[in-house]
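By the count of numbering that gives the first Met the number 0, the sequence shown reaches residue 599 at its end, each step adding exactly one.
Glycine residues also receive a C-beta, built at the ideal position from the N, C-alpha and C atoms.
Just so we're clear, the structure is a prediction, and the values are computed from it rather than from any experiment.
Contents: one structure, followed by commentary.
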Amino acid sequence: MSLPHLTTTTLQQYSSDNAYARGEDYFRSGAVVSVTQRQQTLQAVVEGNQPTPYRVTIAFDEGGITQAHCTCAYDWGGWCKHIVATLLTCIHQPERVEQRPTVQQLLEPLNLEQTQHLVERLVAEQPELIEWVDRSVSGLVRSGSVDISPNSSQRKTSVDPAPFERQTRAVLRQALREWEYGREDDDIAIEITPLINTGLEFLEQGDAASALAVLEGITEGFAREWPEIDEFCGLMPTDIGLDLDAIWTELFLSADLNEEEVLVWQENLEAWQDYLNSFAMALEALRQGWNYPPLVRVLQGEVTAQRAWPGGAPDWAGDFCQIRLKVLARQERYEEYLRLARAEGQTEQYLTMLAQLGRTEQAISVAQQQMNTMAQAQALAETLRSQNQLPQALDIALEGLQLHADNLYQQFDFAIWTSDLAEGLGNLAAALTARRAAFEIQTSLPDYHKLQELARADWPTLQPQLLAALRDIQGWGIEKAKVDIFLHEGLLAAAIATVAGLDPYYSDVIWQVMDAVLAQKNADRAMLQWVIDKASPCAEAIINKGKAKNYEQAVDWLKRVKVAFLALEKEADWSQYHQNLQQAHHRKRKLMGLMQDNQL
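Structure below.
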């Protein structure tokens, strides 16, 4: 498969200014040691600040890049410099991309004995892989893909809840001590989550009994320690991001419990409720199981409307249904999954499962009748794309952009996703439409450049429309993007209007406009006067407060005042203004020193 369509504008959109600039430096310096393509995956080795090179992995399809990852520690949002350097290599030096076969292609010529020998050699060189091989083979055994005796995969030892209880209690006691000493943050969820994940790993392996034991220990630890925490700060586990009720619900719906076990767990939950949040959902899971008559009728396809709760659904019914769906999917009970999702009105889950099962035409047909939110469209479009149904994914995405969005962030992200997919498929008109929708929600200079790139010959018509829309766009932090674009287009008056009413707190963007005015030859006199009128009060306000640590910022304002006075050929006025400042604040030695150092 050929490399995805890439431009430097795309890279700038998905990386910060600093990451992109550093990525360019890495590319030019030859830090990208190698780039290998194996069908729809790029892998690169990039030298960095550590002795061991970083490894970059990039997945793509015909619509463009779907995922990019680097082994570096960068976590500031967007692509890191190593990813940028790799993609710049693909753009400017595509001949360096080495084409190599996939794992499937490499193994295809081997017989069973050769494959087994290869795996044995790999594990011998990397012993830690034996655990992965073990888990994978166990999974195949449970699914019936490997024919061995039915008892060989059963766990021979039981899990002891006690260690998990002790660890949980230790975490909670430490958190309470830190709160008592005045620390406001807590790491409870961070430290308890790995313990919970141990239980969920057992569950994924089909060992519900061990998972129940792990959660029993964790919950008992909470029940013993939480009353003191509740008395101290009035928190519940859900307040720190731990929903034990949901986890127990999933465990109970995954386990094959007899009547006696159900009663025991019911007693445990009711006792724990005295100390923790309600376990209403988990108790209902114990009561209903999978043999609850209304549920059975739904799963058998006898009920197609929302009647799984004859007496009226509780407020957690949606969460309860989604946990049931998760269990059904894990157990590969797909038809029952679809029937329950449809009966409970879980349109997003219903559509995406149809797509995952390859029933694309049915998914699209249902979507055209029932899809009414952007979230549903996004989930279906992403699933279709993962199934390599890219044109269908784009059609759904374009429809979804017209639907209700939960928030502007979702709308912006989905519009960008849709635009990138459309561009990758060569549908520039659709790409431009989606990108423009994103521009009117949240914009930047790279976004503006991308619109120009997509518009091509239509840019002279589109450009004034975008600039007019830009003047009306409101939102926190939008001023920087507006100024960047207005200055790029030489629209100084529009840039001044953008920052004219801003608080001095936004000094960086105000200075950006002032510096653009001052850099012009024969600058407009009214604009120069604006610099003076805006900058001098800001400087004086800082100086009058007498906070020496802020004097450097006051001097930064004054430097621009001086340049503006001189550009207006009002040197005498500057001298008088400067003299007045010195007379009024001559005792502020740090200020006087800074002014002298900066030739003010």
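Starting from residue i, follow the alpha helix (DSSP H) in both directions and report where the run begins and ends.
i, result
"H584", "570 to 584"
"C232", "207 to 232"
"A534", "524 to 544"
"L490", "No alpha helix (DSSP H) holds L490; DSSP gives it neither H nor E."
"A551", "Per the sequence shown, residue 551 should be read as Glu rather than Ala. Here the alpha helix (DSSP H) through E551 covers 550 to 566."
"E203", "187 to 203"
"E266", "258 to 271"
"E97", "Segment 96 to 98 is the beta strand (DSSP E) holding E97; no alpha helix (DSSP H) there."
"A362", "359 to 369"
Ignore the nearest five residues each way along the sequence and tell me which others in residue i's own chain have a CB closer than 7 Å to its CB.
i, result
"T8", "P445, H448, K449, E452"
"G423", "P3, H4, E61, G62, G63"
"A222", "W271, Y274, L275"
"Y336", "L324, L327, A328, M352"
"T248", "M280, A281, A284, F319, I322"
"N597", "V554, K558"
"A354", "A362, L379, T382, L383, Q386"
"V44", "V32, S33, P52, R54"
"V562", "L517"
Could you tell me the alpha carbon to alpha carbon distance between residue i and residue j, rounded to whole angstroms?
i, j, result
"A30", "D24", "9 Å"
"A430", "G77", "21 Å"
"G216", "A161", "6 Å"
"L609", "L41", "An answer regarding residue 609 cannot be provided, because it is not within the stretch 0 to 599 covered by the chain."
"I147", "V136", "Low local confidence applies: a pLDDT of 40 at I147 is under 50, so the model's placement there is unreliable, with the coordinate-based value given in what follows. Cα to Cα, I147 sits roughly 11 Å from V136."
"A540", "D471", "31 Å"
"K587", "M594", "11 Å"
"R435", "A518", "32 Å"
"W178", "Q345", "41 Å"
"D255", "E127", "33 Å"
"A494", "F564", "21 Å"
"Q92", "M513", "40 Å"
"A492", "I531", "16 Å"
"Q361", "I129", "42 Å"
"T432", "P390", "16 Å"
"S142", "T197", "Here S142 scores only 48 on pLDDT, less than 50, and its place in the model should not be relied on; the value that follows carries that caveat. Between S142 and T197, the C-alpha separation is close to 21 Å."
"I195", "A312", "29 Å"
"S364", "D206", "39 Å"
"P193", "W315", "26 Å"
"I191", "I477", "39 Å"
"G399", "Q377", "7 Å"
"Q578", "E551", "19 Å"
"S14", "E269", "51 Å"
"K533", "Y19", "33 Å"
Checking 8 Å against the spacing of the C-beta atoms, do residue i and residue j come in under that value?
i, j, result
"Q299", "L285", "no"
"A366", "I395", "yes"
"L397", "L350", "no"
"L202", "L262", "no"
"L199", "A212", "no"
"A169", "D185", "no"
"T372", "L402", "yes"
"V516", "L501", "no"
"V302", "A342", "yes"
"V32", "E46", "yes"
"L599", "I542", "no"
"T167", "G220", "yes"
"R21", "K80", "yes"
"T85", "R95", "no"
"L407", "T442", "no"
"L393", "N426", "yes"
"A58", "Q39", "yes"
What first and last residue would you give for the beta strand (DSSP E) that runs through residue i?
i, result
"R54", "53 to 60"
"T460", "Premise fails: T460 lies in the alpha helix (DSSP H), 458 to 471, not in any beta strand (DSSP E)."
"H116", "No beta strand (DSSP E) contains H116, which is instead part of the alpha helix (DSSP H) from 111 to 124."
"G63", "63 to 69"
"S1", "Here S1 belongs to no beta strand (DSSP E), and DSSP marks it neither H nor E."
"L41", "40 to 45"
"T35", "31 to 37"
So that I know if they touch, is there some Cβ in chain D lying closer than 8 Å to that of residue i?
i, result
"S506", "The structure shown has no chain D; it contains just one protein chain."
Does at least one heavy atom of the ligand ZN sit under 7 Å from the Cβ of residue i?
i, result
"K569", "In terms of ligand content, the structure shown is empty, and the ligand ZN therefore cannot be addressed."
Only counting the same chain, and skipping five residues up and downstream in sequence, which positions put a Cβ closer than 6 Å to that of residue i?
i, result
"K479", "V508"
"V295", "none"
Can you find the residues in the same chain that come closer than 8 Å, C-beta to C-beta, to residue i, ignoring five residues on each side of it along the sequence?
i, result
"S144", "Per-residue confidence for S144 stands at a pLDDT of 49, beneath the threshold of 50, marking its modelled position as unreliable; the derived number appears in the next sentence. Within the same chain, S144 has no close Cβ partners at all."
"Y333", "L327, M352, L356"
Should the segment 268 to 285 be regarded as contacting the segment 224 to 243, the criterion being three or more beta carbon pairs within less than 8 Å?
In the pairwise beta carbon analysis, the segment 268 to 285 is classified as touching the segment 224 to 243: at least three pairs are separated by under 8 Å.
When you compare the segment 97 to 104 with the segment 119 to 137, are there three or more beta-carbon pairs, one atom per stretch, that lie closer than 8 Å?
Pairwise C-beta distances place the segment 97 to 104 out of contact with the segment 119 to 137, as fewer than three of them are shorter than 8 Å.
Validate contact between the segment 59 to 73 and the segment 417 to 427 using beta carbons, cut 8 Å, 3 pairs:
Result yes; three or more Cβ-Cβ pairs closer than 8 Å.
Hey, is the segment 522 to 540 in contact with the segment 475 to 490, meaning 3+ C-beta pairs nearer than 8 Å?
Contact fails: fewer than three Cβ-Cβ distances are below 8 Å.
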